[in-house]
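Asker: Take the position in the sequence shown, starting the count at 1, then add 832; the result is the number in the working numbering.
Just so you know, even glycine gets a beta-carbon here, dropped at the ideal spot from N, CA and C.
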Amino acid sequence: MRPLPGTATDQAPADPAATDDMLATQPIGYWSGRAQAAVTRQLRDAMAKIDVTQPQYWVLNRVNGGPAAPSREEVVIQLTPLADGPHEIARVIDQLLHRGWLRADAEQHLRLTDTGEAARVRLRELVTELRGAVHEGISDEEYVAALKVLRRMVANVEAAGAS
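As structure tokens, then:
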């Protein structure tokens, strides 16, 4: 099923059994969705075994990730687009404060406690291990190429939506 030179590739129905020569006709939404679901499930299942959630890991990394302590509001604004709802990140911050992994000063700037930093490091090791399993048999060059393609597709869709 090869397209004629200079023509667009026809869209075929999603087919998990598609052969390599049929992949150009497969819907990106199906395959990117399957990849996202599989990777997220693996990560969240592994984190659940140590009583941590993926959004908690996001918050720990964000609080750790800059020269100045971010405010609660900054963390909520930056991470809410990744979350499952508009209130999730604020709840996660409250959980981490309660757990003693974060502390907030009078201006609501957040900092990791020693326990929070130890948890962040442990989670980073877990995520690095899981990343290795996901990347099995995939070179860095192939990974970069895949991300460039996905980034370009996002830009194409966003540009089309803006016009």
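Please classify residue 833 as buried or exposed, where buried requires at least 16 other C-beta atoms within 10 Å of its C-beta.
Answerer: Only weak support exists for where residue 833 lies, its pLDDT of 47 falling under 50; the value from the coordinates is given anyway. It counts as exposed.
Asker: Please check the pair residue 962 and residue 904, which I expect to be a contact at CB under 8 Å, by giving their CB distance rounded to whole angstroms.
Answerer: Wrong, their Cβ atoms sit about 29 Å apart, outside the cutoff.
Asker: Can you say whether residue 981 is buried or exposed, counting buried as having 16 or more other CB atoms within 10 angstroms of its CB?
Answerer: Exposed is the call here.
Asker: Which same chain residues, not among the five before or five after residue 966, have their C-beta less than 7 Å away from its C-beta?
Answerer: So the list reads 871, once near-sequence residues are dropped.
Asker: Helix, strand or coil: how does DSSP classify residue 971 here?
Answerer: Residue 971 falls in the coil class under three-state DSSP.
Asker: Work out the CA separation of residue 939 and residue 927 for me, nearest whole Å.
Answerer: The alpha-carbon atoms of residue 927 and residue 939 are separated by roughly 19 Å.
Asker: Would you say residue 896 and residue 931 are within 8 Å of each other, going by their C-beta atoms?
Answerer: Not closer than 8 Å, so no.
Asker: From residue 869 to residue 851, what distance separates their C-alpha atoms?
Answerer: Approximately 22 Å, taken between the alpha carbons.
Asker: Mind checking who residue 931 pairs with in its DSSP beta bridge?
Answerer: According to DSSP, which records beta bridges pairwise, residue 931 is partnered with nothing at all.
Asker: Since residue 958 is in the alpha helix (DSSP H), which residue starts that stretch and which ends it?
Answerer: 946-966 is the span of the alpha helix (DSSP H), which, as asked, contains residue 958.
Asker: Which whole-angstrom value describes the C-beta separation of residue 911 and residue 884, a residue pair presumed to lie in contact below a C-beta threshold of 8 Å?
Answerer: So it is not a contact: roughly 15 Å between Cβ atoms.
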